[in-house]
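Per the working numbering, the very first residue in the sequence shown carries number 12; after that it's consecutive.
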Amino acid sequence: MQNQENGDPQNLKEITSEVDLPVSMNASVFFRVGNERPFGNALLDAIVNNTSATITAQARSGFPYTPTLTYYGIGTNAQLQRNSGRQPGVFNIDLQANKDFRLSNLQWGVFLRVTNLLDKVNCQQVYASTGNCIGGTVDQDRRRNGNVSVVNTTTYYDRASYFGPRRSINFGARMSF
(Lines of atoms letter the chains of each structure in order from A and count residues from 1; the text may use other names and numbers.)
(Lines give C-alpha, C1' and ligand atoms only; values in the text may rest on other atoms or scores of the structure.)
Protein backbone atom coordinates (compact mmCIF):
# COMPACT_ATOMS: atom_id res chain seq x y z
CA MET A 1 0.00 0.00 0.00
CA GLN A 2 2.82 2.39 0.87
CA ASN A 3 4.49 1.67 -2.52
CA GLN A 4 1.34 2.76 -4.38
CA GLU A 5 1.19 5.97 -2.36
CA ASN A 6 4.79 6.72 -3.37
CA GLY A 7 3.88 6.36 -7.05
CA ASP A 8 5.42 2.94 -7.62
CA PRO A 9 3.56 0.84 -10.21
CA GLN A 10 1.39 -2.00 -8.96
CA ASN A 11 2.76 -5.49 -9.59
CA LEU A 12 0.66 -7.29 -12.17
CA LYS A 13 0.12 -11.03 -12.42
CA GLU A 14 1.87 -12.73 -15.32
CA ILE A 15 -0.39 -14.76 -17.63
CA THR A 16 1.15 -17.33 -19.95
CA SER A 17 0.52 -16.75 -23.65
CA GLU A 18 -1.59 -19.28 -25.59
CA VAL A 19 1.38 -20.03 -27.85
CA ASP A 20 4.06 -20.35 -25.16
CA LEU A 21 6.42 -23.28 -25.85
CA PRO A 22 9.31 -23.23 -23.37
CA VAL A 23 10.89 -26.38 -24.86
CA SER A 24 11.16 -27.30 -28.55
CA MET A 25 13.83 -29.61 -29.96
CA ASN A 26 14.40 -31.04 -33.44
CA ALA A 27 17.09 -33.45 -34.59
CA SER A 28 17.93 -35.21 -37.85
CA VAL A 29 20.29 -38.08 -38.63
CA PHE A 30 21.23 -38.71 -42.25
CA PHE A 31 22.90 -41.89 -43.55
CA ARG A 32 24.07 -42.30 -47.15
CA VAL A 33 26.11 -44.89 -49.03
CA GLY A 34 27.21 -44.00 -52.55
CA ASN A 35 28.39 -46.32 -55.32
CA GLU A 36 31.49 -47.54 -53.43
CA ARG A 37 31.93 -51.06 -52.01
CA PRO A 38 31.88 -50.57 -48.22
CA PHE A 39 31.75 -54.25 -47.16
CA GLY A 40 33.66 -56.14 -49.87
CA ASN A 41 30.78 -58.65 -50.14
CA ALA A 42 29.07 -58.52 -53.56
CA LEU A 43 25.54 -59.29 -52.30
CA LEU A 44 25.68 -56.99 -49.27
CA ASP A 45 27.26 -54.20 -51.33
CA ALA A 46 24.51 -54.48 -53.96
CA ILE A 47 21.86 -54.07 -51.25
CA VAL A 48 23.53 -51.10 -49.53
CA ASN A 49 24.96 -49.20 -52.55
CA ASN A 50 23.14 -45.99 -53.50
CA THR A 51 21.01 -46.07 -50.35
CA SER A 52 20.09 -43.22 -48.03
CA ALA A 53 18.01 -42.92 -44.88
CA THR A 54 16.93 -39.94 -42.78
CA ILE A 55 15.47 -40.08 -39.28
CA THR A 56 13.91 -36.87 -37.94
CA ALA A 57 12.81 -36.47 -34.32
CA GLN A 58 10.76 -33.68 -32.77
CA ALA A 59 10.03 -33.10 -29.09
CA ARG A 60 8.28 -30.11 -27.55
CA SER A 61 6.29 -29.14 -24.51
CA GLY A 62 2.52 -28.77 -24.75
CA PHE A 63 0.61 -25.54 -25.20
CA PRO A 64 -1.05 -23.85 -22.19
CA TYR A 65 -4.80 -24.13 -21.55
CA THR A 66 -7.24 -22.94 -18.87
CA PRO A 67 -8.39 -25.86 -16.67
CA THR A 68 -11.95 -26.06 -15.32
CA LEU A 69 -12.97 -27.49 -11.96
CA THR A 70 -16.57 -28.41 -12.76
CA TYR A 71 -18.38 -30.42 -15.41
CA TYR A 72 -19.74 -27.32 -17.16
CA GLY A 73 -16.85 -24.92 -16.45
CA ILE A 74 -19.20 -21.97 -16.07
CA GLY A 75 -18.46 -19.14 -13.66
CA THR A 76 -15.29 -17.62 -12.26
CA ASN A 77 -15.14 -20.14 -9.39
CA ALA A 78 -15.19 -23.04 -11.84
CA GLN A 79 -11.98 -22.09 -13.67
CA LEU A 80 -8.40 -21.94 -12.51
CA GLN A 81 -6.07 -19.12 -13.52
CA ARG A 82 -6.03 -18.43 -17.25
CA ASN A 83 -3.52 -20.68 -19.12
CA SER A 84 -2.28 -22.23 -15.88
CA GLY A 85 -2.50 -25.81 -17.22
CA ARG A 86 -0.20 -27.32 -19.83
CA GLN A 87 -1.13 -29.91 -22.46
CA PRO A 88 0.94 -33.11 -22.70
CA GLY A 89 4.20 -32.81 -24.62
CA VAL A 90 4.62 -33.94 -28.22
CA PHE A 91 7.18 -36.49 -29.42
CA ASN A 92 7.42 -37.65 -33.02
CA ILE A 93 9.88 -39.62 -35.18
CA ASP A 94 9.76 -39.71 -39.00
CA LEU A 95 11.76 -41.95 -41.34
CA GLN A 96 12.57 -41.71 -45.03
CA ALA A 97 14.63 -44.33 -46.88
CA ASN A 98 15.69 -44.29 -50.55
CA LYS A 99 17.34 -46.89 -52.78
CA ASP A 100 18.59 -46.10 -56.29
CA PHE A 101 19.66 -48.67 -58.88
CA ARG A 102 20.37 -48.90 -62.57
CA LEU A 103 18.49 -51.34 -64.80
CA SER A 104 19.34 -51.27 -68.51
CA ASN A 105 19.73 -47.62 -69.51
CA LEU A 106 17.28 -46.39 -66.88
CA GLN A 107 17.93 -45.05 -63.40
CA TRP A 108 15.32 -46.36 -60.93
CA GLY A 109 14.62 -45.37 -57.38
CA VAL A 110 12.27 -46.51 -54.65
CA PHE A 111 11.45 -44.75 -51.41
CA LEU A 112 9.70 -45.47 -48.14
CA ARG A 113 8.37 -42.61 -46.00
CA VAL A 114 6.94 -43.25 -42.52
CA THR A 115 5.55 -40.37 -40.48
CA ASN A 116 4.98 -40.90 -36.74
CA LEU A 117 7.08 -44.07 -36.87
CA LEU A 118 6.23 -45.08 -33.26
CA ASP A 119 2.49 -44.34 -33.76
CA LYS A 120 2.50 -42.15 -30.65
CA VAL A 121 -0.75 -40.40 -29.75
CA ASN A 122 0.04 -36.67 -29.63
CA CYS A 123 -2.61 -34.26 -28.34
CA GLN A 124 -3.35 -31.17 -30.44
CA GLN A 125 -6.06 -29.96 -28.06
CA VAL A 126 -7.21 -31.13 -24.62
CA TYR A 127 -10.46 -31.21 -22.70
CA ALA A 128 -10.37 -28.42 -20.12
CA SER A 129 -11.86 -30.67 -17.41
CA THR A 130 -9.25 -33.46 -17.66
CA GLY A 131 -6.16 -31.97 -19.31
CA ASN A 132 -5.88 -34.79 -21.87
CA CYS A 133 -7.26 -35.45 -25.34
CA ILE A 134 -8.79 -38.86 -24.63
CA GLY A 135 -11.92 -37.82 -22.73
CA GLY A 136 -13.60 -35.07 -20.75
CA THR A 137 -15.93 -32.15 -21.29
CA VAL A 138 -15.46 -29.19 -23.58
CA ASP A 139 -15.22 -25.64 -22.27
CA GLN A 140 -18.85 -24.51 -22.06
CA ASP A 141 -17.72 -20.87 -22.00
CA ARG A 142 -17.87 -21.01 -25.82
CA ARG A 143 -21.62 -21.64 -25.61
CA ARG A 144 -22.10 -18.61 -23.32
CA ASN A 145 -20.25 -16.32 -25.71
CA GLY A 146 -22.58 -17.13 -28.59
CA ASN A 147 -20.21 -19.37 -30.51
CA VAL A 148 -21.58 -22.28 -32.48
CA SER A 149 -21.72 -25.54 -30.54
CA VAL A 150 -23.56 -28.84 -30.84
CA VAL A 151 -27.14 -28.55 -29.58
CA ASN A 152 -28.08 -30.33 -26.28
CA THR A 153 -24.64 -31.88 -25.85
CA THR A 154 -22.20 -31.29 -23.01
CA THR A 155 -19.86 -34.28 -23.29
CA TYR A 156 -17.91 -35.20 -26.39
CA TYR A 157 -15.77 -38.27 -26.90
CA ASP A 158 -13.68 -39.55 -29.77
CA ARG A 159 -12.89 -36.16 -31.32
CA ALA A 160 -10.42 -36.83 -34.09
CA SER A 161 -9.41 -33.14 -34.26
CA TYR A 162 -7.99 -33.38 -30.71
CA PHE A 163 -5.34 -35.89 -31.87
CA GLY A 164 -2.26 -35.34 -34.03
CA PRO A 165 -1.67 -37.41 -37.16
CA ARG A 166 -1.22 -41.15 -36.62
CA ARG A 167 1.31 -43.36 -38.40
CA SER A 168 1.34 -42.97 -42.16
CA ILE A 169 3.35 -45.19 -44.54
CA ASN A 170 4.03 -44.17 -48.14
CA PHE A 171 5.93 -46.19 -50.72
CA GLY A 172 6.80 -45.08 -54.21
CA ALA A 173 9.08 -45.48 -57.21
CA ARG A 174 10.60 -43.18 -59.78
CA MET A 175 12.32 -43.66 -63.10
CA SER A 176 14.70 -41.34 -64.94
CA PHE A 177 16.68 -41.70 -68.15
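Every residue, glycine too, gets a C-beta built ideally from N, C-alpha and C.
Check each candidate in the options and name the one with the smallest Cα separation from residue i.
i      : options                          : result
ALA70  : SER39, ARG178, THR148 and GLN107 : SER39
LEU128 : ASP56, VAL44, ILE66 and VAL34    : ILE66
PHE182 : PHE122, SER140 and ASN116        : PHE122
GLU47  : LEU117, ILE145, PRO33 and THR62  : THR62
ALA68  : PHE102, ALA89 and ARG43          : PHE102
ILE92  : ALA57, LYS24, LEU117 and ALA108  : Note that residue 92 is Gln in the sequence shown here, rather than Ile. With distances taken between Cα atoms, GLN92 lies closest to LYS24.
ASN109 : GLY175, ASP19 and ILE58          : ILE58
SER28  : LEU114, ASN94, ILE180 and ALA171 : ASN94
GLN107 : ASP19, ALA64 and SER115          : ALA64
VAL132 : ARG170, SER140, ASN37 and LEU32  : ARG170
Note down, in chain order, each residue of its chain lying with its Cβ closer than 6 Å to the Cβ of residue i, except the 5 sequence neighbours on either side.
i      : result
ARG185 : GLY120
GLY96  : TYR76, PRO78 and GLY142
LEU80  : ALA89
My guess is that residue i and residue j are in contact by the Cβ rule of under 8 Å, so how many angstroms apart are they, rounded?
i      : j      : result
GLN98  : VAL137 : 5 Å
ARG178 : ASP130 : 4 Å
VAL34  : ASN60  : The pair is not a contact, with the Cβ atoms about 40 Å apart (cut-off 8 Å).
LEU117 : PHE188 : 5 Å
Would you identify the three-state DSSP class for residue i, choosing helix, strand or coil?
i      : result
ALA139 : coil
SER115 : coil
SER172 : helix
ASN181 : strand
GLY120 : strand
So, at 8 Å on beta carbons, what are the nonlocal neighbours of residue i in its own chain, with the 5 sequence-adjacent residues on each side left out?
i      : result
CYS134 : GLY73, GLN98, PRO99, VAL101, ASN143, CYS144, TYR173, PHE174 and GLY175
ASP56  : ARG48, PRO49 and PHE50
Note down, in chain order, each residue of its chain lying with its Cβ closer than 7 Å to the Cβ of residue i, except the 5 sequence neighbours on either side.
i      : result
ILE180 : VAL125
In the stretch 38-113, which residue ranges form an unbroken beta strand (DSSP E) of at least 3 residues, counting only runs that do not cross its ends?
62-71
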